[in-house]
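Before any comments, here is the structure.
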Amino acid sequence: MAGFRFLELPDELQLRILSKLDARSILACRQVDPGLAQAIDEAVEMQYRLELQFAGMIDGPPGTISVRDRLDALRAYRAAWNASRHPVHTLLVDSDILGPHLRGISHFEQTTGRLRLHRPAGTFCGLTEYDAVFDELSERIAADWPYDRFAINYSEDFIAYISNSDSDPSGVYVHFASLSQNYQPHPLANRPIIQTCSPLEDVGCWSVLGCSGDLVSWHLCRWGALPSEMMVVNWKTGTIVWHMHSTSDQQFLTLQILTSTHLVVIDDSDKFSLRIYAFDPSASDNAPLATDSDCIYALALPTRSHRVDDHWLRVAFEPQPQFANDHPLFSHDPNLSLLALTIMLGLSDTDFPSGLAHDGDCFLLLIPLETLLRFDTADTELLRGRIIPWEDWGPKGTKMLQIWEHVTQDVSVFGSRVALPNWREIVEGKLQCLVTVYEVHKLANEVMPTSSDAADATRGQRADHERDARAAASKLVVTDDDWITDSLAWKDPIHTTYPFRKTFRTITPSDVPYGEYQQTAVHPTADGLLYLIQKRRTT
Numbered sequence: 001m002a003g004f005r006f007l008e009l010p011d012e013l014q015l016r017i018l019s020k021l022d023a024r025s026i027l028a029c030r031q032v033d034p035g036l037a038q039a040i041d042e043a044v045e046m047q048y049r050l051e052l053q054f055a056g057m058i059d060g061p062p063g064t065i066s067v068r069d070r071l072d073a074l075r076a077y078r079a080a081w082n083a084s085r086h087p088v089h090t091l092l093v094d095s096d097i098l099g100p101h102l103r104g105i106s107h108f109e110q111t112t113g114r115l116r117l118h119r120p121a122g123t124f125c126g127l128t129e130y131d132a133v134f135d136e137l138s139e140r141i142a143a144d145w146p147y148d149r150f151a152i153n154y155s156e157d158f159i160a161y162i163s164n165s166d167s168d169p170s171g172v173y174v175h176f177a178s179l180s181q182n183y184q185p186h187p188l189a190n191r192p193i194i195q196t197c198s199p200l201e202d203v204g205c206w207s208v209l210g211c212s213g214d215l216v217s218w219h220l221c222r223w224g225a226l227p228s229e230m231m232v233v234n235w236k237t238g239t240i241v242w243h244m245h246s247t248s249d250q251q252f253l254t255l256q257i258l259t260s261t262h263l264v265v266i267d268d269s270d271k272f273s274l275r276i277y278a279f280d281p282s283a284s285d286n287a288p289l290a291t292d293s294d295c296i297y298a299l300a301l302p303t304r305s306h307r308v309d310d311h312w313l314r315v316a317f318e319p320q321p322q323f324a325n326d327h328p329l330f331s332h333d334p335n336l337s338l339l340a341l342t343i344m345l346g347l348s349d350t351d352f353p354s355g356l357a358h359d360g361d362c363f364l365l366l367i368p369l370e371t372l373l374r375f376d377t378a379d380t381e382l383l384r385g386r387i388i389p390w391e392d393w394g395p396k397g398t399k400m401l402q403i404w405e406h407v408t409q410d411v412s413v414f415g416s417r418v419a420l421p422n423w424r425e426i427v428e429g430k431l432q433c434l435v436t437v438y439e440v441h442k443l444a445n446e447v448m449p450t451s452s453d454a455a456d457a458t459r460g461q462r463a464d465h466e467r468d469a470r471a472a473a474s475k476l477v478v479t480d481d482d483w484i485t486d487s488l489a490w491k492d493p494i495h496t497t498y499p500f501r502k503t504f505r506t507i508t509p510s511d512v513p514y515g516e517y518q519q520t521a522v523h524p525t526a527d528g529l530l531y532l533i534q535k536r537r538t539t
């Protein structure tokens, strides 16, 4: 290792100091001196730290695998993704599965009542495959309830599920149970059953459950003018740590837990905003009902055009799930998780010439967790209840995409990655899937420097042309500047500049004829893609 005199300290100590910096700071130090650049390039620990941050990853738990082996595995993973050789795992499931397909892992079979959990092996990160089937869930779950009727904490053998009661047909209950103990009350749950505040009152409704660590979110929605109910419960203590009833004009709300102390309420009404709330997960008393003004702040979404006469929104937010015995070499950084909003805006027919087929536009808004919580600082109290305009947070903190060909497809999120599948029949009887994968984080469009860049760095030049050449050779699309100007759905053009990279993967299944498909889906996994094929029964 070439000698260098940064801070006039021993080389080993200087590298240890450098290892505590973020990637951009390390790269800035690398430009100071050729000897320093060479030292960084030759230090395995430094290279591993840089590669992790460029990949949006964090190191796994300590183990017997050396840093050199972890670095080699991480580089192999990045090389495969950058060259569009994402590992693809195929799973065939029966056609009676209605869902939900939680993170591509949980699959509920409606006719058999079985719950199947399947997590593919991590080809590069060292995760083992997990596959298990649990019977008789349908005997406990509210069979007539659509949407997400259960939620799982994979690492603690925990399932929350919704049921009705014969003795109280208007009541709705959530059970906190153990998967491995035949849905008996979970031993860590102090209060294994909770009930909604409001009766169903014999109206149409649906419910959505979510689980994040020790927290379960529950959103009970009612048709018509009746208010919906949203709550977050610490399933171990049984305490309601956040609670809200919507008003009669708030029929388009979605609740999503972001962290152990924050959640977001997505308002798809005329207010069209994201309201950020803070809560205490360790509270001993049930929280009082929250209101709109209790949010620590609200993030306004872009203003819709007067031409929009209908709207629809779907929310996805999926940090990496952990199983009890997982020991990955590296994993996705939970602080880089994305909130993905699929926004469908219907346009008035009067805006188009007669006979022109055009229902509206579809967009995908990707919002990093860092952006959502950016304004939660020591001065948050000054912002309480305030609406922050889109121009003050959206253009530099998000990525919006127009996704014409994906209007009818669900968007699947995993950490800082989003997969958008596009199916097409290439020849008769053969279906091909082109998957576009977006990675959205601050270093997504950066390429790791090499020792050959050091000369340019010493002249204060960042070798942008080399970066672009390497990106092109790797089949990457790296950019951070996008405009949406040709849509009538927004009042003003949309400009977003958050860094991202885009890769592609073509999947051509050969083992199942096209005529036997009923539905397919693609989900990002720890280091690949899960191609889920729902096969039509033949008998």
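Just so we're aligned: 534 in the numbering used here is position 534 of the sequence shown, and the numbers increase by one with no gaps anywhere.
Glycine included, C-beta positions come from ideal geometry on N, C-alpha and C.
| said: Relative to the C-alpha of D326, which candidate in L21, A79, Y130, P87 has its C-alpha closest? | reply: Y130
| task | Let me know the alpha helix (DSSP H) ranges lying completely inside the region 40–99, each 4 residues or longer, listed in chain order. | result | 44–55, 67–82
| said: I'd like the list of long-range same chain contacts for A290, defined as Cβ closer than 7 angstroms, with 5 residues on each side in sequence excluded. | reply: The answer, listed in chain order, is W242, H243, M244, Y277.
| query | Among S282, A298, V411, which one has its Cα closest to the Cα of K271? | reply | A298
| request: Kindly identify the DSSP beta-bridge partner or partners of Q195. | output: Y173
| request: Output the distance between the C-alpha atoms of T123 and Y77, rounded to the nearest integer angstrom. | output: 8 angstroms
| request: Look at the alpha carbon of D135 and the alpha carbon of V413, and state the distance between them as a whole number of angstroms. | output: 28 angstroms
| Which term fits D310, buried or exposed, when burial requires 16 or more other beta carbons within 10 angstroms of its beta carbon? | exposed
| field | Straight-line gap, F158 to I367 (C-alpha atoms, nearest Å) | value | Cα to Cα, the separation comes out at about 29 angstroms.
| query | Going by Cα to Cα distance, which pick from D486, T259, D482, H89 is closest to H495? | reply | Answer by Cα proximity: D482.
| task | State the Cα-Cα distance for the pair G355 and F363, rounded to the nearest angstrom. | result | Annotation note: pLDDT 41 at G355 (below 50); position unreliable, no value reported.
| message | When you compare the CB positions of C221 and S212, do they come within less than 8 angstroms of one another, or not? | response | no
| field | E381, buried or exposed, once every other Cβ within 10 Å from all chains shown has been counted against 16 | value | exposed
| message | Would S84 and R49 be called neighbours here (beta carbons separated by less than 8 angstroms)? | response | no
| task | Mind checking which residues open and close the beta strand (DSSP E) that includes D361? | result | Membership of D361 in the beta strand (DSSP E) is indicated by the continuous run 360–368.
| 8 angstroms Cβ cutoff met for A544 and D361 | Residue 544 lies beyond the range of the chain shown here (1 to 539); nothing can be said about it.
| message | Suppose you measure from the CA of V32 to the CA of I17; what does that come to, to the nearest Å? | response | In a straight line, the C-alpha of V32 is about 15 angstroms away from that of I17.
| Less than 8 angstroms separating the beta-carbons of V522 and V435? | yes
| request: Under 8 angstroms by Cβ, that's how I've got T371 and D492 pegged, so tell me the actual separation to the nearest angstrom. | output: Actually they do not touch by this definition, with Cβ atoms about 20 angstroms apart.
| task | In angstroms with no decimal places, state the Cα-to-Cα distance between E554 and S178. | result | No answer is possible for residue 554: the residues shown for the chain start at 1 and end at 539.
| said: So, for P389: in the same chain, excluding its five sequence neighbours on each side, which residues have a beta-carbon less than 8 angstroms away from its beta-carbon? | reply: A300
| Continuous beta strand (DSSP E) stretch holding I507: start and end | 500–507
| said: Just to confirm my understanding: we take I105, look at its own chain, exclude 5 residues before and 5 after, and list those with CB closer than 7 angstroms. What are they? | reply: Cβ neighbours of I105 within its own chain (closer than 7 angstroms, five residues either side excluded): L117, H118, R119, P321.
| Residues in its own chain within less than 8 angstroms of G126 by CB, not counting five upstream and five downstream? | Cβ contact annotation for G126 (same chain, cutoff 8 angstroms, sequence separation greater than five): G60, I65, A73, H327, P328, L329, in chain order.
| message | Give me, in chain order, the residues of the same chain whose beta-carbon lies closer than 6 angstroms to that of S487; leave out the 5 immediate sequence neighbours on both sides. | response | The residues are D361.
| For F500, which option in T196, L532, V437, T520 has the closest C-alpha, if you only look at C-alpha atoms? | V437
| request: Look up T523 in the DSSP assignment and give the residues it is bridged to. | output: Residue identity check: residue 523 is His in the sequence provided, not Thr. In the DSSP output, where bridge partners are listed per residue, H523 has L530.
| message | Going by DSSP in three states, D453 sits in which element: helix, strand or coil? | response | With a pLDDT of 47 at D453, under the threshold of 50, the modelled position of that residue is not reliable, and the figure given next carries that caveat. D453 falls in the helix class under three-state DSSP.
| field | DSSP-derived helix/strand/coil call for L117 | value | Looking at L117 - three-state DSSP - the assignment turns out to be strand.
| When DSSP labels each residue in this structure, what does P334 get in the three-state scheme? | helix
| field | Neighbour-count burial assignment, A132, 16 or more Cβ in a 10 Å radius | value | exposed
| If you draw a straight line from the C-alpha of E45 to the C-alpha of V174, how long is it? | Their backbone Cα atoms lie some 47 angstroms apart in a straight line.
| request: Figure out for me which residue from W393, M57, W235, K396 has the closest Cα to the Cα of P319. | output: M57
| task | To the nearest angstrom, report how far apart S305 and K396 are at their CA atoms. | result | 22 angstroms
| Between which two residues does the alpha helix (DSSP H) carrying D11 extend? | It spans 11–18 - the alpha helix (DSSP H) in which D11 sits, taken as one unbroken run.
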